[in-house]
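Chains as they are written, first to last, in the working numbering: chain R, 47 to 416; chain G, 1326 to 1693.
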């Protein structure tokens, strides 16, 4: 016990002497939350479209106006198709609406009228949004235009109810989720170099010649960085709930408990890399390489997991942020849903323990013979 | 002159060996980006597929079953569960077994037959805001097309969409042209950001400084190897992307090579700059992530740049990732011409010049 306390104390002193890890524990959450708050729009995307109107009727001029007045769309009206095309190539506009010259005539006689839309397919998401907006806005216009009485009657009306997030406020769900990304990085990066560093500098040799046992070394690394990580985690949560006022409907105790499990799992990845490679250069390459992009792209925060091929869906279960994101989104918006909490914690415990055992096994107590 | 070139070549050789001689390091450099490229190619899509639905059909008529079968037969929806009451729906959505609920009133068949309006409720899980909106969109489309079948004719607007550059809106084309750039950036940062910090930590950087090499020589020696490796990597990835994932390459190869070399040079600059202000590898790693996270998130990949608040849009002018992505996507999919390419190369060039010169300046200043 005394040995462990001394090791933990030593590690804390190292943290304080090179305060870069303390700085990062506060700076990274701050940057990340600001970006997710202001820079990432998970709701409806605003688009700018060009309009070429070939129909001179008065009523159609109103349609062109209503395209420009929507909250989700800006429009640039031009008679020169080449100008508009050029703007698509330069990504200045995301599409072109072209109104044919017989548009109003067809509506007047109670027939179907075609509206042409060209989109910039290189940005798939925006192209989808553009199409939806054009359909919505043109139909709204039709319902208030003088052709309204000729309209096809609408029999079945789809009515959407969104549960848990009535306002459909994107950042309410993306901010808690962003904590998972930040903490994955902090968890892995704080620990990825600490064992490798000791081997490289030769201080591990000194440590091995003492009465220190394997479990001392492993716990001596886990405990201090876990404490620092938890401070950073709490800072994240304070930013999220206290400063940015994301409504929290769950239980603080459950939140902290699962967050601690998640952090424990991430530190396991870092320490495993570190003790396997015994080389800071390789350890940092690997942790940067596997840490950030998979956590961002495969965790389900931005890209839905259900759309992935079956095999990959199973593979993402190895990623701790995936389970944490499922948990934290649900905990914030729906309150404590026990089946979700238990499932996520169980998976995190399994992953965390596996990593812990792997770290223990790969902690070398002998000098490499080379 | 030849003497100095010989010295630089020696330094470049040494840098190459450090990166390349360790089989583990070689493995990371080759395998990591390729594996991730293939994984992301299959996994990263904003389309929502395999949607499971739970339905309450109060009407239980031929008409309502017809509507439900339209869901079951649509490519986006997978399993349709039946429920008898709202409690069951709530449990299923709460536990995330399904991502959508559908509620059909008991007057459905009467309304359809008598052509009077009725509502059908779509319930989505707002905890996943973005997929919720997309799912609701799919469901409305299915209901609207059912509407078209049962309604009499009348005035209606058909929006006919043509998608340029990507006619079927394959999400993979968008993802891959961006991911190629992203993986190359990660690799370049890994190779550069640690290089000086590592030498500082081991003390060999002092030897380099007292050697006859000038700051510029050291800079070139540290720049060329990672640049060459990343260039080869990105070319290799581009071949995979075009050959195995059928992404079109519509631009000119020469413009592509010019673009990636300037883009990567600016990233090398950023990496060396981070490295030059750090004393340990730990600091360098933390520095890299502090740069990488905002630059990837604000590059326009996750959320379009034009959609950000104005002050952040100005901020993205400093972000090499942003221009790099516009270039790869533009050259691959849009066949960007030389004028448009140069527009995007100018900011990258400035970033490269500023970061590289700052880095070489700090070589001499930050000793001891």
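Cβ coordinates follow ideal geometry from the N, Cα and C atoms, glycine included.
Within the 8 Å Cβ cut-off, does residue 324/R reach chain G? no
With 8 Å set as the bound, which would you pick, yes or no: does the beta-carbon of residue 375/R sit closer than that to a beta-carbon of chain G? yes
Excluding the 5 residues preceding and the 5 following residue 1362/G in the sequence, name in chain order all residues of the same chain whose CB lies nearer than 8 Å to its CB. 1501, 1504, 1505, 1508, 1562, 1565, 1566
Stretch-stretch touch, CB-based, cutoff 8 Å, three pairs: the region 219-229 of chain R with the region 356-373 of chain R: yes
Between the C-alpha atoms of residue 73/R and residue 335/R, what's the straight-line distance to the nearest angstrom? 21 Å
Min CB distance residue 105/R to chain G below 8 Å: no
Is the region 1571-1580 of chain G touching the region 1659-1672 of chain G, taking contact as three or more C-beta pairs under 8 Å? yes
CB-CB length for residue 1680/G against residue 1595/G, believed under 8 Å: 5 Å
So, does the CB of residue 1436/G fall closer than 8 Å to a CB anywhere in chain R? yes
Just to confirm, is the Cβ distance from residue 307/R to residue 398/R under 8 Å? yes
Pairwise C-alpha distance: residue 130/R and residue 143/R: 10 Å
Kindly say whether residue 1489/G, judged by its beta-carbon, lies nearer than 8 Å to any beta-carbon of chain R. yes
Does DSSP classify residue 1692/G as helix, strand or coil? Unreliable positioning characterises residue 1692/G in this predicted model, as indicated by a pLDDT of 49, which lies under 50. A coordinate reading is not provided.
What do you reckon, are the CB atoms on residue 1492/G and residue 167/R nearer than 8 Å? yes
Close-in-space but distant-in-sequence residues of the same chain around residue 1525/G (CB under 7 Å, 5 per side omitted): 1604
Looking only at its own chain, which residues have a Cβ that is under 7 Å from the Cβ of residue 311/R, when we skip the five neighbours before and after it? 366, 394, 397, 398, 401
Along chain G, in chain order, which residues have C-beta atoms closer than 9 Å to that of residue 108/R? Here the premise fails: no neighbours, minimum Cβ distance about 14 Å.
Identify the residues that DSSP records as bridge partners of residue 1379/G: which are they? 1406/G, 1426/G
Can you list the residues of chain R that residue 1540/G reaches, using a CB-CB cut of under 8 Å? Going along chain R, no residue has its Cβ under 8 Å from residue 1540/G, so there is no contact; the nearest lies around 23 Å.
How about residue 1468/G and residue 1425/G: do their beta carbons lie closer than 8 Å? no
For residue 1331/G, which residues in the same chain have their Cβ closer than 6 Å to its Cβ, ignoring the five residues on either side in sequence? none
For residue 412/R, collect the residues of the same chain with a Cβ closer than 8 Å to its Cβ; drop the 5 residues on either side in sequence, then sort them by chain order. 254
Return the chain-ordered list of same chain residues with a C-beta closer than 7 Å to the C-beta of residue 1590/G, the five sequence neighbours on each side being excluded. 1552, 1677
Please state if the CB of residue 1658/G and the CB of residue 1490/G are separated by a distance shorter than 8 Å. yes
At the level of alpha carbons, what is the spacing between residue 318/R and residue 1649/G? 34 Å
Return the residues of the region 266-285 of chain R that lie within a Cβ-Cβ distance of less than 7 Å from chain G, sorted by chain order. none
Taking beta-carbon pairs under 9 Å, can you tell me which members of the region 153-167 of chain R lie near chain G? 153, 154, 155, 156, 157, 158, 159, 160, 161, 162, 163, 164, 165, 166, 167
For the alpha helix (DSSP H) holding residue 128/R, just list the boundary residues, first then last. 127-135
Can you give me the start and stop residues for the alpha helix (DSSP H) that residue 194/R sits inside? Note, residue 194/R: premise wrong, no alpha helix (DSSP H); not H, not E.
Indicate whether at least one CB of chain R lies closer than 8 Å to the CB of residue 1654/G. yes
List the endpoints of the continuous beta strand (DSSP E) containing residue 161/R. 158-166
Can you have a look at residue 288/R and say buried or exposed, based on whether 16 or more other CB atoms are within 10 angstroms of its CB? exposed
Quick check: what's the CA-CA separation for residue 1360/G versus residue 153/R? 54 Å
Taking only the alpha-carbon atoms, compute the straight-line gap between residue 1692/G and residue 1450/G and give it to the nearest angstrom. The predicted position of residue 1692/G is uncertain, since its pLDDT is 49 and thus under 50; no value can be drawn from it.
Just to confirm the assignment, what range does the alpha helix (DSSP H) spanning residue 1601/G have? 1578-1601
C-beta neighbour in chain G for residue 202/R, strict 8 Å: yes
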